[in-house]
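There are 2 protein chains.
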Amino acid sequence: MERPYSIQQLSREFDLTPRALRFYEDKGLIAPARRGTTRLYSDRDRTRLRLALRGKRLGFSLEECREIIDLYDPGQPGGARQLLRLCDKIREHRAQLLQKLRDLEATLGTMGDVEARCLAELLKIDLNVRKLSQ
Amino acid sequence: MERPYSIQQLSREFDLTPRALRFYEDKGLIAPARRGTTRLYSDRDRTRLRLALRGKRLGFSLEECREIIDLYDPGQPGGARQLLRLCDKIREHRAQLLQKLRDLEATLGTMGDVEARCLAELLKIDLNVRKLSQ
DNA sequence: ACTATAGTTGACGTATACGTCAATCGAGGA
DNA sequence: TCCTCGATTGACGTATACGTCAACTATAGT
Numbered sequence: 013m014e015r016p017y018s019i020q021q022l023s024r025e026f027d028l029t030p031r032a033l034r035f036y037e038d039k040g041l042i043a044p045a046r047r048g049t050t051r052l053y054s055d056r057d058r059t060r061l062r063l064a065l066r067g068k069r070l071g072f073s074l075e076e077c078r079e080i081i082d083l084y085d086p087g088q089p090g091g092a093r094q095l096l097r098l099c100d101k102i103r104e105h106r107a108q109l110l111q112k113l114r115d116l117e118a119t120l121g122t123m124g125d126v127e128a129r130c131l132a133e134l135l136k137i138d139l140n141v142r143k144l145s146q
Numbered sequence: 013m014e015r016p017y018s019i020q021q022l023s024r025e026f027d028l029t030p031r032a033l034r035f036y037e038d039k040g041l042i043a044p045a046r047r048g049t050t051r052l053y054s055d056r057d058r059t060r061l062r063l064a065l066r067g068k069r070l071g072f073s074l075e076e077c078r079e080i081i082d083l084y085d086p087g088q089p090g091g092a093r094q095l096l097r098l099c100d101k102i103r104e105h106r107a108q109l110l111q112k113l114r115d116l117e118a119t120l121g122t123m124g125d126v127e128a129r130c131l132a133e134l135l136k137i138d139l140n141v142r143k144l145s146q
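Structure, rendered in structure tokens:
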């Protein structure tokens with residue numbers, strides 16, 4: 013372990029409170045080492061945390077984030093049965109992600125339309141103002 | 013108003029409970045008409061509901077969903093000041109959406125890698141099985 | 001007129017994701 | 001050794017997003 017992070021360092025870096033980090037630990041998202049009772053966060057913890065926050069931004073619950081991260085971060089390769097289950101989980105989560113992608117594209121599309129109409133309105137107003145001030 | 017929907021119809025269509033629909037109404041996401049005390053949902057309500065659920069899937073809170081939907085669904089064009097504020101809101105929400113898009117692409121990417129490794133492992137196992145059964 | 005079948009309004013309960021506060025602990029510096 | 005500063009563990013509180021139940025009500029059919 014290169015240079016472990018304190019809870020304060022990590023919470024500042026990710027703009028979280030120490031309370032949140034402890035909560036994530038409680039939910040199994042991270043598992044920092046200890047020196048006495050004090051938590052020491054490794055780069056692995058830091059990575060898992062990054063992935064967790066990414067999942068959160070996409071609307072996954074902490075529980076779902078843990079599932080997804082555990083897919084990325086497997087202890088042992090495991091037997092064929094495990095691997096098949098893993099593939100299933102991946103397909104399941106990918107389906108959700110693709111749905112989100114469609115939602116995202118639709119939302120961005122509509123948003124573009126609204127902005128265009130908005131700018132057109134502003135242009136009309138601007139033209140009127142110019143006309144009056146001539 | 014063509015053919016208004018009952019609360020049951022709408023809740024079945026979107027796989028929600030009537031309670032959820034009433035909750036969304038309370039939060040200002042929809043505003044169904046009434047016949048007496050009974051709610052009558054219009055196509056506009058239905059559309060707003062679709063947009064709300066889309067927003068939810070992307071991890072927005074109901075409050076944020078309401079904001080976004082109200083952008084799409086403006087009463088009057090409004091004056092220049094309103095329109096500029098609208099453009100600002102759009103840019104703000106778009107920034108969030110683009111962040112989500114980056115998160116989504118990163119997650120899908122990693123997920124593809126994991127699946128590839130998983131399939132490679134399965135292939136190795138399969139080859140071993142074939143070798144032993146010869 | 002009577003009943004069954006939605007629909008309505010509270011009111012309280014619950015899961016998730018933390019915030020906040022108090023009490024305590026533990027290592028380092030004057 | 002004392003004190004302080006950061007960290008820790010409960011324990012309780014809070015916001016969001018509903019679920020659940022009870023008590024009515026309204027309306028349609030017989």
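From first to last, the protein sequence lines stand for chains B and V.
Numbering of the first sequence is given in the working numbering, commencing with residue 13 and proceeding in unit increments.
Numbering of the second sequence is given in the working numbering, commencing with residue 13 and proceeding in unit increments.
Glycine included, C-beta positions come from ideal geometry on N, C-alpha and C.
Computed from a predicted model, the values in this text were never measured in an experiment.
Please list the terminal residues of the continuous alpha helix (DSSP H) segment that includes Arg66 of chain B. Stepping through the first sequence from its first residue, residue 66 of chain B is reached at position 54. Run containing Arg66 of chain B: Asp55 to Arg69, per the alpha helix (DSSP H) assignment.
Hey, does Tyr17 of chain V have any beta-carbon neighbour from chain B nearer than 7 Å? The sequence position of residue 17 of chain V within the second sequence is 5, counting from 1. With 7 Å as the cut-off, Tyr17 of chain V does not count as an interface residue toward chain B.
For Arg47 of chain B, does the count of other Cβ atoms within 10 angstroms reach 16, so buried, or fall short, so exposed? Mapped onto the first sequence, residue 47 of chain B falls at position 35. Looking at its Cβ environment, which holds fewer than 16 other Cβ atoms inside 10 Å, Arg47 of chain B is exposed.
When the Cα atoms are used, what is the spatial distance from Thr119 of chain B to Leu70 of chain V? Here residue 119 of chain B refers to the residue found at position 107 of the first sequence. Here residue 70 of chain V refers to the residue found at position 58 of the second sequence. If I take the Cα positions, the gap works out to 10 Å.
List the residues of chain V whose Cβ lies closer than 8 Å to the Cβ of Arg66 of chain B, in chain order. Counting from 1 along the first sequence, the entry for residue 66 of chain B is found at position 54. Within chain V, the residues near Arg66 of chain B are Asp115, Ala118 and Thr119.
Quick one: residues in its chain with C-beta nearer than 8 Å to the C-beta of Lys101 of chain B, no 5 flanking neighbours on either side, listed in chain order? Taking the first residue of the first sequence as position 1, residue 101 of chain B is located at position 89. Here the set comprises Glu79 and Leu83.
If you count every other CB in all the chains shown that lies within 10 Å of the CB of Val126 of chain V, and 16 or more means buried, which is it? Walking along the second sequence from the start, residue 126 of chain V turns up at place 114. Classification of Val126 of chain V: buried, given that the 10 Å Cβ count is 16 or more.
Could you pull the DSSP bridge partners for Arg47 of chain B from this structure? Mapped onto the first sequence, residue 47 of chain B falls at position 35. For Arg47 of chain B, which the question treats as bridged, DSSP gives the partners B:Thr50.
Members of the segment 86 to 108 of chain V that neighbour chain B once the beta carbon cut-off is set at 9 Å: Pro86, Pro89, Gly90, Gly91, Ala92, Leu95, Leu96, Leu98, Cys99, Ile102, Arg103, His105, Arg106 and Gln108
Of all the CB atoms in chain B, is at least one closer than 7 Å to the CB of Ile42 of chain V? Sequence index remark: in the second sequence, residue 42 of chain V carries index 30 (1-based). Closer than 7 Å: no.
What do you reckon, are the CB atoms on Pro44 of chain B and Asp27 of chain B nearer than 7 Å? In the first sequence, the residue the question calls residue 44 of chain B occupies position 32. In the first sequence, the residue the question calls residue 27 of chain B occupies position 15. For Pro44 of chain B and Asp27 of chain B, no; Cβs fall outside 7 Å.
Residues in the same chain with beta-carbon distance under 7 Å from Thr29 of chain V, minus the five sequence neighbours each way, listed in chain order, please. As a working mapping, residue 29 of chain V is identified with position 17 in the second sequence. Once the five neighbours on either side are set aside, the close Cβ partners of Thr29 of chain V are Ser23.
Note down, in chain order, each residue of its chain lying with its Cβ closer than 6 Å to the Cβ of Gln20 of chain B, except the 5 sequence neighbours on either side. Within the first sequence, residue 20 of chain B is the residue found at index 8, counting from 1. Counting only Cβ-Cβ distances below 6 Å, and skipping sequence neighbours, we find nothing.
Quick one: Cα of Ala92 of chain B to Cα of Leu41 of chain B, how far? On the first sequence, position 80 is the one that residue 92 of chain B refers to. On the first sequence, position 29 is the one that residue 41 of chain B refers to. The straight-line gap from Cα to Cα measures roughly 26 Å.
Residues sharing a beta bridge with Tyr17 of chain V, DSSP: In the second sequence, counting from the first residue as 1, residue 17 of chain V sits at position 5. Answer is V:Tyr53.
Please say whether Pro16 of chain B and Leu61 of chain B have beta carbons closer to each other than 7 Å? By one-based count along the first sequence, residue 61 of chain B stands at place 49. By one-based count along the first sequence, residue 16 of chain B stands at place 4. No, they are not a contact pair.
Alpha carbons only, please: which of V:Leu96, V:Phe72 and V:Gln146 is nearest the one belonging to His105 of chain V? Residue mapping note: residue 105 of chain V aligns to position 93 of the second sequence, counting from 1. Out of V:Leu96, V:Phe72 and V:Gln146, V:Phe72 has the C-alpha closest to the C-alpha of His105 of chain V.
On the CB-based measure, 16 or more other CB atoms within 10 Å of its CB, does Asp85 of chain V come out buried or exposed? Locating residue 85 of chain V in the second sequence gives position 73, counting from the first residue. So Asp85 of chain V counts as exposed.
Flag Arg136 of chain B as yes if its beta-carbon sits less than 7 Å from any beta-carbon of chain V, otherwise no. Taking the first residue of the first sequence as 1, we reach residue 136 of chain B at position 124. Per the sequence shown, the amino acid found at residue 136 of chain B is Lys instead of Arg. With 7 Å as the cut-off, Lys136 of chain B does not count as an interface residue toward chain V.
Look at the alpha carbon of Cys77 of chain V and the alpha carbon of Leu116 of chain B, and state the distance between them as a whole number of angstroms. The count along the second sequence starts at 1 and reaches residue 77 of chain V at position 65. The count along the first sequence starts at 1 and reaches residue 116 of chain B at position 104. So the two alpha carbons sit approximately 13 Å from each other.
Helix, strand or coil for Gln94 of chain V, going by three-state DSSP, please let me know. Start at 1 with the first residue of the second sequence, and residue 94 of chain V comes out as number 82. Helix at Gln94 of chain V.
Chain B contact for Arg6 of chain V (CB, 7 Å cutoff): Residue 6 of chain V lies beyond the residue range present for chain V, which begins at 13 and ends at 146; the question has no answer from this structure.
Does the Cβ-Cβ distance between Leu95 of chain V and Cys99 of chain B come in under 7 Å? Residue mapping note: residue 95 of chain V aligns to position 83 of the second sequence, counting from 1. Residue mapping note: residue 99 of chain B aligns to position 87 of the first sequence, counting from 1. Against a cut-off of 7 Å, the Cβ pair of Cys99 of chain B and Leu95 of chain V comes out as no contact.
Considering Asp38 of chain B, what are the terminal residues of the alpha helix (DSSP H) in which it resides? Position 26 of the first sequence, counting from 1, holds the residue named residue 38 of chain B. Its alpha helix (DSSP H) spans residues Pro30 to Asp38.
Closer than 9 Å by beta-carbon distance: list the chain B residues that pair up with Gln111 of chain V, in chain order. Taking the first residue of the second sequence as 1, we reach residue 111 of chain V at position 99. By Cβ distance, chain B contributes Arg69.
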